[in-house]
Amino acid sequence: MRIRNALSLTGGLAVLCIAGYYWGGISQKTALTTNDASHLPDYQIIRLTGIQVNEQGLPERTFKADTLSHYNEQDLSIIKQPVIILYQQQQAAWQLTAQQASLSKDNTIVALQHEVLAKQLNRPLPLQFSTQSLTANQKTQTLQTDSPVTVSTPQGQISSLALQADMQQGTVQFIGQVRGTYVLSPR
Numbered sequence: 001m002r003i004r005n006a007l008s009l010t011g012g013l014a015v016l017c018i019a020g021y022y023w024g025g026i027s028q029k030t031a032l033t034t035n036d037a038s039h040l041p042d043y044q045i046i047r048l049t050g051i052q053v054n055e056q057g058l059p060e061r062t063f064k065a066d067t068l069s070h071y072n073e074q075d076l077s078i079i080k081q082p083v084i085i086l087y088q089q090q091q092a093a094w095q096l097t098a099q100q101a102s103l104s105k106d107n108t109i110v111a112l113q114h115e116v117l118a119k120q121l122n123r124p125l126p127l128q129f130s131t132q133s134l135t136a137n138q139k140t141q142t143l144q145t146d147s148p149v150t151v152s153t154p155q156g157q158i159s160s161l162a163l164q165a166d167m168q169q170g171t172v173q174f175i176g177q178v179r180g181t182y183v184l185s186p187r
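Under the numbering used here, read the sequence shown as residues 1 to 187, first letter to last.
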């Protein structure tokens, strides 16, 4: 009787081990060591500074970062400590900073993460956005976040759960649980 129970237990464990082997991904051709170079960057640039100009040679944006790591297989760039300045009508209009950013394939979509700050530079009463993630479309000059955001001006502050902004038109749309304070300036 004991032998029969031991054989049943051994058979059951063998079936579980085989199922785990095939369904658990061990049998797939995934490397278990870190010797696989596919997760390593194709190249890395330290202390990067750049400027992008339009057809007339006028600046559209400047860019600084501590490091830029490009991953060829995903055609994705990861940027540490980015500082991006966007220009409108030959003047610096917005400064975007964050702890990290990722740049899309065609270099138009920048996804900023962790301690994101967007400052308006060329206005007497500038806006300032702060959030944990922000997507900037450099082609359409729009900003969007699904994270809680605070927008500050010298006269007050507004917070919401999400935001969409058009930098060319100067419009901001607050999405969800909008709260704010506004202080009139003294006369």
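Positions of the beta carbon are idealized from the N, C-alpha and C atoms, including for glycine.
Test: Gln-88 CB closer than 7 Å to a CB of chain D: Structure shown: chain D not included; a single protein chain is present.
Gln-155 classed as buried or exposed, judged by whether at least 16 other C-beta atoms fall within 10 angstroms: exposed
Check whether Thr-142 and Thr-131 have beta carbons under 7 Å apart: no
Segments of 3+ residues assigned as beta strand (DSSP E) that fall wholly inside the segment 108-170: Segments of the beta strand (DSSP E) lying fully in the segment 108-170: 109-120, 128-137, 142-145, 149-153, 156-160, 162-166.
Span of the beta strand (DSSP E) around Arg-47: 43-53
CB contact flag (Asn-137, Ile-175, <7 Å): no
Best match in Lys-64, Lys-80, Met-167 for proximity to Pro-126 [C-alpha to C-alpha]: Met-167
Ile-84 burial status per 10 Å Cβ neighbour count (16 or more: buried): buried
Candidates Leu-68, Thr-171, Leu-184, of which the one nearest Gly-50 by Cα: Leu-68
Selected residue, minimal CA-CA separation from Leu-58, among Pro-82, Gln-91, Gln-44, Lys-64: Gln-91
Alpha-carbon to alpha-carbon, Ser-185 and Lys-119: 21 Å
Bridge partner(s) assigned by DSSP for His-70: Tyr-43, Ser-77
Alpha carbon of Gln-99 to alpha carbon of Pro-82, nearest angstrom: Between the alpha carbons of Gln-99 and Pro-82 lies a gap of roughly 7 Å.
Terminal residues of the beta strand (DSSP E) in which Arg-187 lies: First-last for Arg-187: undefined, no H or E at that position.
Reduced DSSP category for Gln-177 - H, G, I as helix; E, B as strand; rest coil: In the structure shown, Gln-177 sits in coil (DSSP, three-state: anything other than H, G, I, E or B).
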